[in-house]
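Protein chains in written order, with our numbering: chain A, 1 to 248; chain B, 1 to 248.
All residues carry an ideal CB built from backbone N, CA and C; glycine is no exception.
Following this line, the structure appears as structure tokens:
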């Protein structure tokens with residue numbers, strides 16, 4: 001890739017509710033072309049998939065109540081976090097977990113920022129790669145365009161201030177660009193360079209997304225060489241096994 | 001921001017050597033316009049600033065030799081890492097440090113991927129924000145365009161596979177976009193959302209940079225509203241104080 005790249009926000013999407021055909025709405029709102037990568041914010045995927053929960057309807061168990069007390073959190077929220085997790089990574093001040101789908105993030109990625117007492121929260125899609133594959137297939141069927149889909153969410157990062165958008169699901173693109181063994185400009189072989197392309201696409205898409213204006217879908221145009229026929233390994237390939245994590 | 005955004009690689013830069021006037025070379029090779037953000041790969045900044053070192057000329061001290069033995073690394077490289085660091089974060093399998101300029105990364109960001117025994121390595125700029133400010137001032141003087149500069153480097157991340165480009169220095173743009181307290185689409189106030197814009201710009205720029213083709217400079221066009229008159233706080237604002245790091 002050495003050509004220019006365009007990031008185009010897609011206006012005109014309605015507020016998404018459970019059961020909405022998100023792929024059809026995207027196909028209608030976006031003018032998609034072959035080779036486009038469609039970056040979709042997790043929030044609308046979760047809403048379409050009915051991943052809302054009411055904290056008032058959640059019964060917190062013993063473990064959730066204990067953890068919640070130590071963290072000064074809502075026991076109902078902690079109960080949901082535990083239900084969405086396979087492992088607690090850290091439980092000091094914040095609750096960092098590995099989700100059932102293998103993502104390491106605060107509060108299992110549950111968006112409770114607007115939930116009052118007993119209020120509504122939004123869970124991550126149960127299987128974001130599967131969501132990406134379904135969206136891709138349906139958007140391709142509706143538009144005839146050969147595209148890739150990346151589902152994105154904002155994660156905090158160790159060591160750095162602020163959140164950055166990352167890929168939690170993808171289809172039609174390899175999330176990693178493996179430069180290991182390829183020669184660089186000077187003909188020398190590059191060592192240990194795997195680039196997390198899907199995360200960089202997610203981050204790029206966030207630059208044109210105005211949270212206040214509600215622009216959950218961004219077209220990334222100019223990466224056509226990276227759009228593949230198969231769905232590829234999915235964003236699960238970005239999840240580092242604990243034993244292989246040199247930073248952990 | 002809700003308009004489209006363009007990422008334009010800048011071809012035609014020569015191989016950079018110590019003492020080269022990088023700003024003049026960029027001003028000549030790029031057609032810059034008001035509001036452009038110029039993303040510059042750390043590698044060319046370090047080269048222009050003479051941050052090359054020969055491992056053969058480095059005398060490893062006692063501590064470096066001990067650490068190197070435990071990590072199976074070149075003692076000369078470890079000596080350079082220690083000299084560039086204010087603190088060791090981790091020394092198991094890899095050496096994660098906080099650099100003298102406050103970045104947390106492997107091997108103090110020293111690029112030794114192409115260094116044979118005794119060979120040449122490249123250090124990070126001594127003060128990447130100062131480098132960004134100097135580049136900005138000189139590019140603005142040469143072109144008359146009102147721009148921002150972001151200096152980027154590829155960092156590995158805890159919990160996720162692959163490297164992603166981040167901002168190690170910046171001038172003319174606030175590296176953080178603070179959404180805390182602003183209302184969202186539904187009129188509800190957003191909680192705890194600070195977006196690391198400079199890191200997202202760095203990641204985006206990497207998508208059009210072909211490492212083999214040698215394209216260290218990328219123009220990010222469409223973020224003019226974010227380009228400010230002053231230099232701003234610099235990428236140092238992205239470096240989380242250890243005590244405030246909920247992930248650590």
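When the Cα atoms are used, residue 6(A) and residue 19(A) turn out to be separated by approximately 31 angstroms.
For residue 109(A), the three-state secondary structure derived from DSSP is helix. Non-local C-beta neighbours of residue 157(A) in its own chain, meaning closer than 7 angstroms and more than five positions away in sequence, comprise 164, ordered along the chain. Using a Cβ-Cβ cut-off of 8 angstroms, residue 193(B) counts as an interface residue toward chain A, since at least one Cβ of chain A sits closer than that to its own. Counting only Cβ-Cβ distances below 8 angstroms, residue 163(B) has contacts in chain A at 193, 194, 195, 196, in chain order. By the neighbour-count criterion, in which a residue is buried when 16 or more other Cβ atoms sit within 10 angstroms of its Cβ, residue 209(B) is buried. Annotation for residue 140(B): the continuous alpha helix (DSSP H) segment containing it runs 128 to 143. Within chain B, 4, 5, 6, 7 have C-beta atoms less than 8 angstroms from the C-beta of residue 6(A), given in sequence order. Cβ neighbours of residue 16(B) within its own chain (closer than 7 angstroms, five residues either side excluded): 22, 44, 47, 48. Relative to residue 3(A), the option among 4(B), 3(B), 10(B) whose CA is nearest is 10(B). In this structure the stretch 49 to 56 of chain A touches the stretch 75 to 84 of chain A; the number of beta carbon pairs closer than 8 angstroms is three or more. Of the other Cβ atoms in all chains shown, 16 or more fall within 10 Å of the Cβ of residue 172(B); this residue is therefore buried.
Ranked by Cα distance from residue 40(B), the first of 73(B), 8(B), 224(B) is 8(B). At a cut-off of 8 angstroms, the C-beta of residue 239(B) has a neighbouring C-beta in chain A.
Judged by beta-carbon spacing, residue 38(B) lies beyond the 8 angstroms limit of residue 227(B), meaning their Cβ atoms are not closer than that value. Residue-level contact check: residue 66(B) does not touch chain A, since none of the beta carbons of chain A fall below 8 angstroms from its beta carbon.
Buried is the label assigned to residue 125(B), since at least 16 other Cβ atoms lie within 10 Å of its Cβ.
Residue pairing by DSSP places residue 9(A) opposite 218(A) in a beta bridge. The beta carbon of residue 75(A) sits no closer than 8 angstroms to any beta carbon of chain B. For a cut-off of 8 angstroms, the C-beta gap from residue 27(A) to residue 137(A) is around 12 angstroms, too long to register as a contact.
Under the Cβ distance rule, residue 104(A) counts among the residues neighbouring chain B, one pair being separated by less than 8 angstroms.
In the DSSP assignment, residue 68(A) falls within the alpha helix (DSSP H) that extends over 62 to 71. For the options 61(A), 168(A), 146(A), the alpha carbon positioned closest to that of residue 155(A) is the one of 168(A). The continuous beta strand (DSSP E) containing residue 85(B) extends over residues 85 to 92.
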